[in-house]
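Student: Following this message is one structure expressed as structure tokens.
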Amino acid sequence: MDHEDAPSCERHEDKVPMRLRSMHSDSSRPDTVVGLYECPECGYERRRPIEATTAA
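Okay, so the sequence shown: first residue is 128 according to this note's numbering, each after it adds one.
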């Protein structure tokens, strides 16, 4: 995931990009991976789905 695709932390007025800490799969939704993001300034964590695509 590119740096510009990362979500911004909701706890700051300025745009503070969050860092991807880990990715988890969901067996009920095999095409979706959930990313766990953390704010480098305040430690706030947020989960966000990441669409997985496969090249043919």
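All residues carry an ideal CB built from backbone N, CA and C; glycine is no exception.
At the level of alpha carbons, what is the spacing between Cys-136 and Val-160?
Tutor: For the purposes of this step, residue 136 is identified with residue 9 of the sequence shown, where counting begins at 1. For the purposes of this step, residue 160 is identified with residue 33 of the sequence shown, where counting begins at 1. Near 20 angstroms, if we compare the C-alpha coordinates of Val-160 and Cys-136.
Student: Straight-line CA distance for Val-143 to Met-150?
Tutor: Your numbering for residue 143 matches position 16 in the sequence shown. Your numbering for residue 150 matches position 23 in the sequence shown. So the two alpha carbons sit approximately 20 angstroms from each other.
Student: Name, in chain order, the residues that DSSP records as bridge partners for Tyr-164.
Tutor: Translated into positions along the sequence shown, residue 164 becomes position 37. BP columns for Tyr-164 point to Leu-147 and Arg-173.
Student: Going by CA-CA distance only, name the one from Arg-173, Asp-141, Glu-140 and Arg-138 that's closest to Gly-162.
Tutor: Here residue 162 corresponds to residue number 35 of the sequence shown, with the count starting at 1. Minimum Cα distance to Gly-162 is reached at Arg-173.
Student: Provide the residue(s) that pair with Ser-135 in DSSP beta bridges, ordered along the chain.
Tutor: The residue given as residue 135 occupies position 8 in the sequence shown. Note: Ser-135 sits in a beta bridge opposite Pro-144.
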